[in-house]
Amino acid sequence: MNEKINLRDLQLSELEVLIKSLGQPVFRAKQVFQWIYKGVTDFAQMANVPKALREQLAELSQIGRLNILEIQKSKSDGTRKYLFELADGCTIESVFMKYKYGNSICVSSQAGCRMGCRFCASTRNGLMRHLSPGEILSQLLAAEADTGEKIGHIVVMGTGEPFDNYENLAAFLRIVNHKDGLHIGMRNITVSTCGLVPVIERFAEDFPQVNLAISLHGTTDAIRGAMMPVNQKYPLGILLKTCRAYTEKTGRRITFEYTLVNGVNDTDGDADRLCTLLRGMLCHVNLIPLNKVEESGFDTVSRERAAEFQQILEKRGIPATVRRELGTDIDAACGQLRLRKRQE
Ligand code: SAH
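Numbered by the working numbering, the letters in the sequence shown go through residues 291 to 634 in order.
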């Protein structure tokens, strides 16, 4: 394993401390920082940085490269799915997507996951480890380098539970937002959680401008609990109370993700209960027809059923959309590329 410091793990202020410790003037840190977020991974390319400093940096640090194991390219809509290998051999997935409003990337926050959602491929083999801030960031930079395109939006909805890796997530958000770095606006970033209540409260304090998405998926504790073990610790009542407090505090709309599973949470009664739970809340519901994971025992719903479910919500004044299907001709389902690779 590479023991060198990954410079993409550092805030500008931390890079300044490092550069000062090398006996170099502090202003050099900003130059190096700017190169890193222009996508440069080789110190030799840092034209305005003196050779002596470049050599010192190369000695003790590296600029977090990810090894691309596989790229799946959709022919229909430009979606690209990446399987990356980290320095220690762990694998993670990211998805590059093209939207009308620009390019977006879905990044992983952990290698594996320990939340245990029954329908999700990413949690099958448990948690390997947390990703560092630089490893989360490098997914974006690697996709920019591969596509040759700028990415302006980030969703933290890949493998892992971002709120189970909060310190590194927070460092990542501060680095991508930095004006001398990628300068991606907080409002262009969405973080999705399975509902770790104390961390939602912290997030509201720390990052009120970052969009929050909550994986709801069930309208009673029995249904949600059968899909998501986290519901035992943070049941619906407390979760929704926290969500209401979040919207009141931040004035920001919450997106509720609701994965539709045939015969489990897709009846008219479920739609009615969902409306009652969310009534009066500043929110939006994102309906996701289940991406079927082999052997999960869960089955997906038709696009028609998803549309009917959406209409029930809309009629009762709850804004809802059915997630657009991207990359249907590739292994689009969450975590499936990684899982398949392990089984090969
Ligand atoms: N851990 C975070 C983010 C990762 S998953 C969370 O739970 O929110 C991103 C979203 O995809 C979550 O709503 C998750 O429940 C959902 N998801 C996971 N596996 C899925 C599958 N097979 N089909 C549809 N949605 C899935």
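Ideal placement from N, C-alpha and C gives every residue a C-beta, glycine not left out.
A quick note: this is a predicted structure, and the numbers were derived from the prediction, not measured.
Run the proximity test for C410: is its beta-carbon closer than 6 Å to any non-hydrogen atom belonging to the ligand SAH?
Under cutoff, so the answer is yes.
Any beta strand (DSSP E) of 3 or more consecutive residues that is wholly inside the region 532–584
Entirely contained in the region 532–584, the beta strand (DSSP E) runs reaching 3 residues are, in chain order, 544–550 and 573–579.
For C484, verify whether its CB is less than 6 Å away from any heavy atom of the ligand SAH.
Remark: the shortest separation between the CB of C484 and any heavy atom of the ligand SAH falls under 6 Å.
Give the DSSP-derived three-state secondary structure of A401 in the structure shown.
Residue state, collapsed to three classes: strand.
Among residues of its own chain, excluding the 5 on either side of I235, which ones have a beta-carbon nearer than 6 Å to its beta-carbon?
In this structure the chain extends from 291 to 634, so residue 235 is not present and cannot be described.
Given I513, which residues of its chain have a CB within under 6 Å of its CB, disregarding the five upstream and five downstream residues?
Cβ within range, chain order: N555.
Can R543 and L572 be called in contact, C-beta distance under 7 Å?
Yes. Within cutoff.
Report whether the distance from the Cβ of N652 to the nearest heavy atom of the ligand SAH is below 6 Å.
Absent from the model: residue 652. The displayed extent of the chain is 291 to 634, so no value can be given.
When you measure from the CB of E547 to every non-hydrogen atom of the ligand SAH, does any distance come out below 6 Å?
The closest heavy atom of the ligand SAH lies less than 6 Å from the beta carbon of E547.
Roughly how many angstroms lie between the CA atoms of E615 and S366, to the nearest whole one?
Rounded to whole angstroms, the separation of the alpha carbons of S366 and E615 is 11 Å.
Output the boundary residues of the alpha helix (DSSP H) element that contains Y327.
It spans F317 to Y327 - the alpha helix (DSSP H) in which Y327 sits, taken as one unbroken run.
Does the beta-carbon of M447, which I'm using as the reference point, lie nearer than 6 Å to any heavy atom of the ligand SAH?
M447: yes, Cβ under 6 Å from the ligand SAH.
According to DSSP, is Y524 helix, strand or coil?
It is coil, neither helix nor strand.
Could you tell me whether the Cβ of F462 comes closer than 7 Å to any Cβ of chain D?
Among the protein chains of the structure shown there is no chain D, as only one such chain exists.
Kindly confirm or deny that the region 494–505 and the region 472–484 touch, where touching means at least three C-beta pairs closer than 8 Å.
Cβ pair count under 8 Å is three or more, so yes.
On the CB-based measure, 16 or more other CB atoms within 10 Å of its CB, does Q335 come out buried or exposed?
The Cβ neighbour count for Q335, taken over all protein chains shown within 10 Å, is under 16; the residue is labelled exposed.
The alpha helix (DSSP H) with S412 in it runs from where to where?
Premise fails: S412 is in no alpha helix (DSSP H) and is neither H nor E.
M291 to L472, Cα distance in whole Å?
Residue placement at M291 is poorly supported in this model, since its pLDDT is 47, which falls under 50; the coordinates still yield a value, given next. C-alpha separation (whole angstroms): 28 Å.
Using the DSSP secondary-structure output, state which residues sit across from H420 in a beta bridge.
According to the DSSP secondary-structure assignment, H420 is paired through a beta bridge with Q400.
On the premise that L312 lies in contact with F323, defined as a C-beta separation below 8 Å, what is that separation, rounded to the nearest angstrom?
Actually they do not touch by this definition, with Cβ atoms about 15 Å apart.
Within 7 Å, strictly: CB atoms of T549 and H507:
Yes, Cβ-Cβ distance for T549 and H507 is below 7 Å.
Comparing alpha-carbon positions, which option in F599, K523, A494 and A535 lies nearest G553?
The candidate whose alpha carbon is nearest that of G553 is F599.
Compare the Cα-Cα distances from T510 to each of T449, F497 and L568 and report the closest residue.
Restricting attention to T449, F497 and L568, the CA atom closest to the CA of T510 is found in L568.
Under three-state DSSP, which class holds Q499?
Correct three-state label for Q499: coil.
Proximity of R404 and G416 at Cβ, strictly below 7 Å
Against a cut-off of 7 Å, the Cβ pair of G416 and R404 comes out as a contact.
Where the beta strand (DSSP E) containing K371 begins and where it ends
Judged by DSSP secondary structure, K371 falls within the beta strand (DSSP E) whose first and last residues are R370 to E375.
By a C-beta neighbour count over all protein chains shown, 10 Å radius and 16 as the cutoff for buried, is I528 buried or exposed?
Residue environment: I528 is assigned as exposed (fewer than 16 neighbouring CB atoms within 10 Å of its CB, all protein chains considered).
E585 Cβ short of 6 Å to the ligand SAH heavy atom set
Short note on E585: C-beta not closer than 6 Å to any heavy atom of the ligand SAH.
Taking only heavy atoms of the ligand SAH into account, decide whether any of them is closer than 6 Å to the Cβ of E451.
Yes.
How many angstroms separate the CA atom of M447 from the CA atom of F374?
Going by the C-alpha atoms only, they are around 16 Å apart.
Compute the Euclidean distance between the alpha carbons of N581 and G587, then round it to the nearest angstrom.
Rounded to the nearest angstrom, the two C-alpha atoms are 12 Å apart.
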